[in-house]
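Shown next, in C-alpha cells, is the structure this report addresses.
Number of protein chains: 2
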Amino acid sequence: MTTTPARRLTRKGEQTRARIVEAAADLMFVRGVAGTTLDHVRAEAGVSSSQIYHYFSDKDALVRAVVAFQNDAIVGQHERSFATLDSVPALRAWRDQIVAHQERMQCQGGCPIAALGSELGELDLDAREGVAIGFHRWQAAIRHGFEAMQSRGTLPAEVDVETLATATLAALQGGLLLCQMHRSTAPLAAALDTMLDHVESLAQ
Amino acid sequence: MTTTPARRLTRKGEQTRARIVEAAADLMFVRGVAGTTLDHVRAEAGVSSSQIYHYFSDKDALVRAVVAFQNDAIVGQHERSFATLDSVPALRAWRDQIVAHQERMQCQGGCPIAALGSELGELDLDAREGVAIGFHRWQAAIRHGFEAMQSRGTLPAEVDVETLATATLAALQGGLLLCQMHRSTAPLAAALDTMLDHVESLAQ
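Going down the list, the sequences are from chains V and D. One point on numbering: in the UniProt record's numbering, the residue at position 60 of the first sequence is 60, and numbering is uninterrupted. One point on numbering: in the UniProt record's numbering, the residue at position 7 of the second sequence is 7, and numbering is uninterrupted.
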C-alpha cells in the first residue's frame with residue numbers, strides 16, 4: 001500500500017480532490033467499502049480515472065482519505081456544535097440532536113466512522129488506525145466538557161472523567177448500532193438517557 | 001433471494017450442514033462477508049460445491065444461516081452461562097468474562113453478530129433482521145436478570161428495566177467496537193464498569 005506524497009494543490013486541485021473524497025465517502029456509507037469501486041467514484045464525482053489516480057495511488061489511499069474526511073465531518077461537527085458540552089442540559093441537547101438526526105436518516109447507516117471501522121478493522125491496518133484516531137478525538141471532545149464540569153465543581157473531583165467520557169462514547173456507538181439494526185431510535189435514546197442519568201447522578 | 005425449503009436431514013446431513021455453516025462463520029468473522037466466497041467455504045469445510053448447494057441455494061441463504069448460528073453461539077452462550085444475571089456481583093463476573101475473552105482474542109474482530117450487522121445492515125434486509133433478532137434476544141436475557149432483581153426488591157419498582165437492559169447491551173456493543181478499534185480492553189472495561197456502577201447506584 002503506497003501513499004501519493006503530499007504536495008501543494010492549486011485551489012482547483014483541492015476542490016477536485018475534495019469532490020472525489022466526498023463522493024467516495026457517500027458511496028462507501030451507502031454501499032460499503034467492498035461494494036464501492038473506483039469506477040463508481042469516478043462516475044459519482046464526475047471526474048476521469050486519471051484524475052482519481054492523480055490524487056490517489058489506489059483505492060486504499062482513497063479509503064484513508066475517506067476515514068479522515070468522516071473524522072473531520074462528524075467529530076468536527078461535534079466539536080463545532082458542542083464546544084461547551086459542560087453541563088447536564090448541554091448533554092441532553094446533544095442527545096436530542098443525535099436522536100433527531102437518526103430520525104431524519106430513518107435509522108439507516110449507523111455512524112459512518114463506525115461503519116468504516118467495522119468493515120475494515122481486521123482488513124486494513126491504516127483504516128483501523130484512522131478510525132481509532134477519530135474515536136480518540138471524539139472521546140477527548142466529550143471529556144473536555146466533563147473536565148469543565150469538574151473544574152466548576154459540578155462534577156466531584158474524584159470522578160474519573162476519562163472513564164466517563166469513554167463510557168459516553170461507547171453508549172453512543174452501541175446505541176447507534178442498535179438503532180440501525182432495529183430501525184428505531186428507541187435503543188439509542190435508552191443508551192444515551194441512561195448514560196446521562198448516570199452523569200446527572202454524579203453531578204452535585 | 002430464495003431459500004432452500006426446510007427439510008428433514010439425516011444425522012450425517014445435519015453434521016455436514018453444520019460444518020459448512022461453522023466454516024462460513026469463521027471465514028466471515030476473519031475476512032468479512034464480502035471477502036468470503038463459497039469457494040473459500042468449500043475449501044475450509046472440506047466439502048464439494050454440490051454439497052454446499054444441496055443445503056444452501058446461494059450465498060445469501062448461507063449468510064442467513066451464519067447469522068442464526070452466531071446468535072445461538074453468542075447469545076446462547078450468554079443464556080447458558082448467565083441464566084441468573086440477577087445481582088451486581090453476577091453482573092461484575094459477566095463483565096470480567098467478556099473482558100477476559102477480548103484479552104484472549106487480542107481485541108480482534110469485535111462482536112461477530114455486530115460485525116455481520118454492520119457489514120450487511122444496509123445491503124441485506126434478511127441479515128439485518130436476523131441480527132436484530134439476536135440483539136433482541138440478548139437484551140431479553142439481560143432484562144430477565146434485572147427483572148429478577150426487581151422482584152426480589154434489589155432494584156426499585158420504578159426502575160425501567162427495559163431501558164436499563166437496552167443501555168447495558170449498548171454499553172457492551174459500543175465498548176466492543178472501541179476495544180476492537182483501539183486494540184485495548186480499557187474502553188470495554190470503562191463502558192461496562194460505568195454501566196454496572198449505574199446499576200449498583202440504583203440497587204438498594
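The C-beta atom is built at its ideal place from N, Cα and C for all residues, glycine as well.
Could you check if residue i is buried or exposed, using at least 16 other CB atoms within 10 Å of its CB as the buried criterion?
i, result
"D:Y55", "buried"
"V:T2", "Residue placement at V:T2 is flagged as unreliable, the pLDDT there being 44, under the threshold of 50; a coordinate-derived value is accordingly withheld."
"V:G32", "buried"
"V:R104", "exposed"
"D:L27", "buried"
"D:Q108", "exposed"
"residue 205 of chain V", "No information on residue 205 of chain V is available, as it lies outside the stretch 1 to 204 that chain V covers here."
"V:T194", "buried"
"D:R8", "exposed"
"V:P156", "exposed"
"V:R152", "exposed"
"V:A132", "buried"
Rounded to a whole number of angstroms, what is the C-alpha to C-alpha distance between residue i and residue j?
i, j, result
"V:T36", "D:V88", "46 Å"
"D:G134", "D:Q70", "8 Å"
"V:C111", "D:E119", "12 Å"
"V:A115", "D:S184", "19 Å"
"D:R42", "V:G121", "25 Å"
"V:E44", "V:A61", "18 Å"
"V:T84", "V:H198", "19 Å"
"V:A68", "V:L192", "26 Å"
"D:A24", "D:F82", "27 Å"
"V:V159", "D:R143", "28 Å"
"D:I98", "V:E14", "46 Å"
"V:L172", "D:L38", "36 Å"
"V:Q139", "V:A167", "9 Å"
"D:A65", "D:Q180", "25 Å"
I'd like to know whether the C-beta atoms of residue i and residue j end up nearer to each other than 8 Å.
i, j, result
"D:A170", "V:T163", "no"
"D:D86", "D:G145", "yes"
"V:Q204", "V:T154", "yes"
"V:I20", "V:V47", "yes"
"V:T16", "V:Q51", "yes"
"D:A127", "D:V75", "no"
"V:A34", "D:A34", "yes"
"V:P187", "V:L178", "yes"
Along the chain, which unbroken stretches of the alpha helix (DSSP H) at least 4 residues long are found entirely within the region 31-71 of chain V? 38-45, 49-55, 59-70
At 3 residues or longer, and completely inside the region 74-132 of chain V: list those beta strand (DSSP E) runs for me, N to C. none
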